[in-house]
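One structure is given here, and the rest of the page talks about it.
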Amino acid sequence: MKTSNKKVFSRRAFLKSSALASGGMLIGFNLFQACKTDVEVPVDISKIHFNDFNAFIKISDEGIVTIFSPNPEIGQGVKTSMPMIIAEELDVDWENVYVEQAPLDTKNYTRQVAGGSQSIRSSWEPLRQTGATAKQMLINAAAKEWQISPEECTARLGVISNRTGDTLGYGDVVKLAATLEIPENVSLKDPKDFNIIGKGKGNVDVDKIVVGKPLYGMDYSEDGMLYASVLRPPAFGQKLESYDASEAKSLPGVVDVITIGEKYRAYKAAGHKSWAAQLSSSDKVVVIANTTWDAFRGLKAIKANWVEESPLESTEDYDAKLLALLEGNKFNTRRSDGDVKKAFAEADKVIERTYEAPYLPHNCLEPMNFFAHVTDEKVRLIGPTQTPEEAAKSIAQLLVRDLETVEVNMTRIGGGFGRRLYTDFVFEVAEIADAVRKPIKMVSARETDMTTGVYRPAVKYRIAAAIKNGKITGYHLKEACANGSMYGIIADFFPAGAIENYQVDSATYKNSITTGAWRAPYTNFLASAEQSFFDELAQELNIDRIQLHLNLIQNVKGTTDERIQYSPERLEGVIKLVAEKAKWGQTKPGVYQGFSVYYSHNTHVAEIAEIVLEHGNPIVKKVTCAVDCGIVVNPTGALQQAKGGVIDGLGHAMYADLSIKDGVPQSNNFNNYQLIRMVQTPKVDVHFVESDMAPTGLGEPTLPPIGAAVSNAIYAATGKRIYKFPIMKHFNEEEKALS
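Residues 21 to 759 (my numbering) make up the sequence shown, in order.
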């Protein structure tokens with residue numbers, strides 16, 4: 021019998037050694053086919069390459085494990101939590117795990133997207149299978165060494181043991197394991213036996229972030245790289261007519277001035293289109309320079325003439341058009357239950373309210389940037405993107421290349437919130453690099469992206485309820501949205517199923533302002549509107565706000581309606597939990613509470629905001645948040661995600677505003693666009709429901725409920741209802757009008 025005496029190093033010690041470069045072996049297999057019988061067995065170890073497989077587990081002779089994290093890291097923590105899932109089922113010591121960002125390889129990884137709060141939810145089972153399959157292969161290799169049955173072996177913390185007490189480290193058998201047949205069926209751990217999942221782990225990049233190591237797109241550079249910055253139409257609805265670049269070309273550090281746009285127009289003319297290509301068809305002027313500063317200076321020296329291509333809208337224009345949509349009859353009915361018209365016709369009373377929210381920019385801390393190098397043989401793209409596969413496919417079509425010649429590598433992302441789902445900046449840098457044929461990095465100033473970027477669409481909701489005999493008998497929600505409308509399943513969120521006669525309609529109109537997903541798309545304001553409305557209904561019915569929700573939820577329990585997206589039991593659970601933790605209705609004098617609950621991204625969240633009045637202004641002091649997101653993979657990261665969603669949603673609900681005048685956004689940086697300040701952030705108390713159910717989304721679900729929780733608390737304190745966002749703008753306007 022063979023017993024291993026090799027030393028197992030800690031991860032930190034290992035990273036200081038040269039072991040990673042010189043030793044080790046890779047076990048690889050398809051993430052989504054790990055247990056299928058038709059997977060080719062990698063017998064020839066020399067032919068195993070990282071890009072040949074969907075998930076990677078590299079094990080050194082010292083027992084150090086490298087796990088490749090497949091999805092873009094946007095601050096949501098997946099570069100830590102996804103490897104934790106693999107490591108749990110692989111059964112290794114987390115201190116002996118090193119994490120690397122995987123390259124784009126959707127042939128094997130399939131879903132390399134950061135969006136919709138779906139990374140962990142969609143990969144939970146496959147990642148577990150990955151770790152469990154690798155562990156079983158290692159056990160099988162040890163059993164073969166010992167010439168015993170695998171059933172006589174166990175594995176724990178990177179060490180395999182048999183019944184006689186012999187042990188082998190994973191590093192001892194990894195080479196043999198890589199030659200063995202992939203098991204068809206493997207056992208997954210019972211959640212009660214988890215050693216890594218459910219235990220708080222620090223961000224795997226935190227040390228590098230703190231000391232400023234190059235991780236982000238803005239950090240990336242290559243020898244001989246040039247910089248580019250793009251002059252885009254200053255107003256939505258304009259296009260370039262002519263320009264004079266003579267002054268810009270004379271500036272030190274400016275290498276050249278070119279225009280782009282022709283390839284994008286050809287891309288569209290060829291019938292290609294991408295949901296992620298949110299950019300103007302106008303020609304754009306590009307300054308190529310030695311530094312970003314030189315490029316920005318060059319842009320300011322360009323004398324451009326712009327002409328109107330489509331109507332230049334102002335805030336008053338889209339306000340009027342959205343209102344006309346609400347009052348019209350051209351709607352797309354998303355869901356219709358019962359007989360809404362009859363319910364309203366027979367009602368004792370009808371309550372109707374309209375809620376409004378403006379366009380909003382994304383405000384990523386890291387400005388838009390991307391690197392490209394185009395040669396006859398290859399297109400290399402490197403940078404921060406939430407949708408690397410979409411970028412690769414689109415650029416292959418844009419440059420008329422085979423997809424196999426386009427390589428996209430992901431950097432860590434300094435904020436996205438939906439902005440980097442879109443690939444306008446990747447289109448631009450690819451066209452620039454194709455023209456100059458040198459390595460080049462495109463960088464946009466913050467002012468540029470805030471005024472020519474992608475925005476949350478302006479929206480209005482009109483909600484009406486029919487009341488008869490003291491009960492809600494009908495509910496009708498109408499949405500009017502610029503350049504979009506709620507996606508289908510939103511109409512199946514609460515209160516769908518809870519009210520017999522229920523209808524959701526949506527209408528939209530098109531304009532030239534580029535819009536797209538913004539953290540918790542559509543629900544980010546819809547939740548504020550609906551939950552504010554329910555607070556008002558509770559007041560009308562003379563019933564406690566929370567009790568009204570609990571009563572309505574009873575109508576959904578036991579439903580056979582497969583369209584219903586939420587779980588009434590789980591919704592009830594977070595409501596009761598938040599009421600208990602916040603001590604609903606038991607506040608000190610001068611403290612006012614507001615309640616809100618919402619389901620989105622497969623997760624149930626309830627929140628209670630507490631405010632006080634200082635000099636007549638509402639100040640949010642505390643938010644209690646209850647979350648049911650299934651198993652919490654990394655409590656440390658999850659807590660920060662939940663708190664971050666609350667604070668982000670609070671800041672935008674209270675202060676964020678973007679007005680438009682003749683097609684030009686009127687805010688271009690943080691000096692005239694108010695984000696929440698640290699001094700304005702409340703204490704956020706988060707409670708996760710203990711669960712053994714598969715994880716659901718967490719990056720977005722705590723954001724939607726907060727707007728209504730605060731609005732409802734303001735009503736409790738002042739008797740004023742909030743119908744327009746941002747809250748403080750309209751709260752103060754009303755105060756001025758009254759004075």
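C-beta atoms are modelled at their ideal positions from N, C-alpha and C, and glycine is treated no differently.
Looking only at its own chain, which residues have a Cβ that is under 7 Å from the Cβ of residue 297, when we skip the five neighbours before and after it? Here the question's residue 297 lines up with position 277 in the sequence shown. If we look at residue 297 and ignore the five residues flanking it on each side, its Cβ neighbours are 414, 443, 444, 447.
Cutting at 7 Å between CB atoms, please list the residues of its own chain near residue 653, excluding the five before and the five after it. As a working note, residue 653 is residue 633 in the sequence shown. For residue 653, where only same-chain residues beyond five positions count, the Cβ hits under 7 Å are 101, 104, 105, 140, 217, 715.
Taking Cβ to Cβ, would you say residue 355 is nearer than 8 Å to residue 481? Residue mapping note: residue 355 aligns to position 335 of the sequence shown, counting from 1. Residue mapping note: residue 481 aligns to position 461 of the sequence shown, counting from 1. The Cβ atoms of residue 355 and residue 481 do not sit closer than 8 Å to each other.
Do residue 351 and residue 240 have their beta-carbon atoms positioned less than 8 Å apart in this structure? Here residue 240 refers to the residue found at position 220 when the sequence shown is read from its first residue. Here residue 351 refers to the residue found at position 331 when the sequence shown is read from its first residue. Cβ distance not < 8 Å, so residue 240 and residue 351 don't count as in contact.
Please classify residue 493: does DSSP put it in a helix, a strand, or coil? The residue you call residue 493 lines up with position 473 of the sequence shown. Note: residue 493 maps to strand in three-state DSSP.
Which first and last residues belong to the beta strand (DSSP E) in which residue 250 is found? In the sequence shown, the residue the question calls residue 250 occupies position 230. Unbroken beta strand (DSSP E) run through residue 250: 246–251.
Within the continuous beta strand (DSSP E) that includes residue 462, where are the two ends? Taking the sequence shown and counting its residues from 1, one reaches residue 462 at position 442. Where residue 462 is concerned, the enclosing beta strand (DSSP E) stretches over 460–463.
For residue 520, the nearest candidate out of 741, 363, 376 (CA to CA): For this step, residue 520 is matched to residue 500 along the sequence shown. The candidate whose alpha carbon is nearest that of residue 520 is 363.
Inspect the beta-carbon positions of residue 708 and residue 658 and report whether they are closer than 8 Å. Here the question's residue 708 lines up with position 688 in the sequence shown. Here the question's residue 658 lines up with position 638 in the sequence shown. Yes. Within cutoff.
Any idea what DSSP makes of residue 41, helix, strand or coil? Here residue 41 corresponds to residue number 21 of the sequence shown, with the count starting at 1. With a pLDDT of only 33 at residue 41, under the threshold of 50, the placement of this residue in the model should not be trusted, and no figure is reported.
Are the CB atoms of residue 438 and residue 386 nearer to each other than 8 Å? Counting from one through the sequence shown, the residue named residue 438 turns up at place 418. Counting from one through the sequence shown, the residue named residue 386 turns up at place 366. Not a contact, by the Cβ cut-off of 8 Å.
Would you call the segment 448–458 and the segment 323–332 touching, i.e. three or more CB-CB distances under 8 Å? Segments in contact, no.
Cα separation between residue 123 and residue 76? Here residue 123 refers to the residue found at position 103 when the sequence shown is read from its first residue. Here residue 76 refers to the residue found at position 56 when the sequence shown is read from its first residue. If you take the alpha carbons of residue 123 and residue 76, they lie about 11 Å apart.
In the DSSP assignment, find the alpha helix (DSSP H) that holds residue 581 and state where it starts and stops. The sequence position of residue 581 within the sequence shown is 561, counting from 1. Run containing residue 581: none; DSSP gives neither H nor E here.
Best match in 393, 529, 737 for proximity to residue 244 [C-alpha to C-alpha]: As a working note, residue 244 is residue 224 in the sequence shown. The residue with the shortest Cα to Cα distance from residue 244 is 393.
Three-pair Cβ contact test at 8 Å for the segment 171–183 versus the segment 129–149: no
Reducing DSSP to helix, strand and coil, say where residue 20 ends up. With the chain running from 21 to 759 in the structure shown, residue 20 is simply not present.
Check whether the Cβ atoms of residue 283 and residue 389 lie closer than 8 Å to each other. As a first step, residue 283 must be located in the sequence shown, where it is residue number 263. As a first step, residue 389 must be located in the sequence shown, where it is residue number 369. Going by C-beta atoms, residue 283 is not nearer than 8 Å to residue 389.
Identify, in the order they occur along the chain, each residue of the same chain with its Cβ nearer than 6 Å to the Cβ of residue 190, setting aside the five sequence neighbours on each side. Sequence index remark: in the sequence shown, residue 190 carries index 170 (1-based). Around residue 190: 79, 83, 158, 178.
So the candidates are 160, 693, 665, 617; which of them puts its Cα closest to the Cα of residue 198? For the purposes of this step, residue 198 is identified with residue 178 of the sequence shown, where counting begins at 1. Measuring from the Cα of residue 198, the nearest candidate turns out to be 160.
At 4 residues or longer, what runs of the alpha helix (DSSP H) sit wholly inside the segment 202–274? 226–231, 266–269
Which of the three DSSP states is assigned to residue 591 in this structure? For the purposes of this step, residue 591 is taken as the residue at position 571 of the sequence shown. DSSP, read as helix, strand or coil, puts residue 591 in helix.
Counted within 10 angstroms of its Cβ, other Cβ atoms place residue 545 as buried (16 or more) or exposed: Against the sequence shown, residue 545 aligns to sequence position 525. The residue in question, residue 545, is buried, as its Cβ has 16 or more Cβ neighbours within 10 Å.
Mind checking who residue 481 pairs with in its DSSP beta bridge? Indexing the sequence shown from 1 puts residue 481 at position 461. Looking at the DSSP assignment, residue 481 forms a beta bridge with 375, 499.
Mind checking residue 753: buried by the 16 CB within 10 Å criterion, or exposed? For the purposes of this step, residue 753 is taken as residue 733 along the sequence shown, with counting starting at 1. Looking at its Cβ environment, which holds fewer than 16 other Cβ atoms inside 10 Å, residue 753 is exposed.
Anticipated Cβ contact below 8 Å, residue 535 with residue 503, distance rounded: Counted from its first residue, the sequence shown places residue 535 at position 515. Counted from its first residue, the sequence shown places residue 503 at position 483. Yes, they are in contact, since the Cβ atoms of residue 535 and residue 503 sit about 4 Å apart, within 8 Å.
So, for residue 300: in the same chain, excluding its five sequence neighbours on each side, which residues have a beta-carbon less than 6 Å away from its beta-carbon? As a working mapping, residue 300 is identified with position 280 in the sequence shown. Correct list, in chain order: 253.
In the DSSP assignment, find the unbroken beta strand (DSSP E) run with residue 638 in it and report its ends. As a working mapping, residue 638 is identified with position 618 in the sequence shown. Unbroken beta strand (DSSP E) run through residue 638: 637–648.
Residue 640 and residue 670: beta carbons closer than 8 Å? The residue labelled residue 640 in the question sits at position 620 within the sequence shown. The residue labelled residue 670 in the question sits at position 650 within the sequence shown. Result yes, Cβ atoms of residue 640 and residue 670 sit closer than 8 Å.
Helix, strand or coil for residue 736? Go by DSSP, reduced to three states. Start at 1 with the first residue of the sequence shown, and residue 736 comes out as number 716. If DSSP states are grouped into helix, strand and coil, residue 736 belongs with the helices.
Anyone know if the C-beta pair for residue 250 and residue 277 falls short of 8 Å? Taking the first residue of the sequence shown as 1, we reach residue 250 at position 230. Taking the first residue of the sequence shown as 1, we reach residue 277 at position 257. No, Cβ-Cβ distance for residue 250 and residue 277 is not below 8 Å.
Output needed for residue 685: all residues of its chain with C-beta closer than 7 Å, excluding positions within five of it in sequence on either side, in chain order. Indexing the sequence shown from 1 puts residue 685 at position 665. So the list reads 470, 471, 678, once near-sequence residues are dropped.
Please state whether DSSP places residue 685 in a helix, a strand or coil. As a first step, residue 685 must be located in the sequence shown, where it is residue number 665. Secondary structure of residue 685 (DSSP, three-state): strand.
With distances taken between CB atoms, is the gap from residue 668 to residue 539 smaller than 8 Å? Sequence index remark: in the sequence shown, residue 668 carries index 648 (1-based). Sequence index remark: in the sequence shown, residue 539 carries index 519 (1-based). Yes, the Cβ-Cβ distance between residue 668 and residue 539 is below 8 Å.
Have a look at residue 195 and residue 627 and give me their C-alpha separation to the nearest angstrom. To locate residue 195, count along the sequence shown from 1; it is residue 175. To locate residue 627, count along the sequence shown from 1; it is residue 607. If I take the Cα positions, the gap works out to 52 Å.
Kindly indicate which three-state DSSP category residue 153 falls into: helix, strand or coil? Locating residue 153 in the sequence shown gives position 133, counting from the first residue. In the structure shown, residue 153 sits in a helix (DSSP, three-state: H, G or I).
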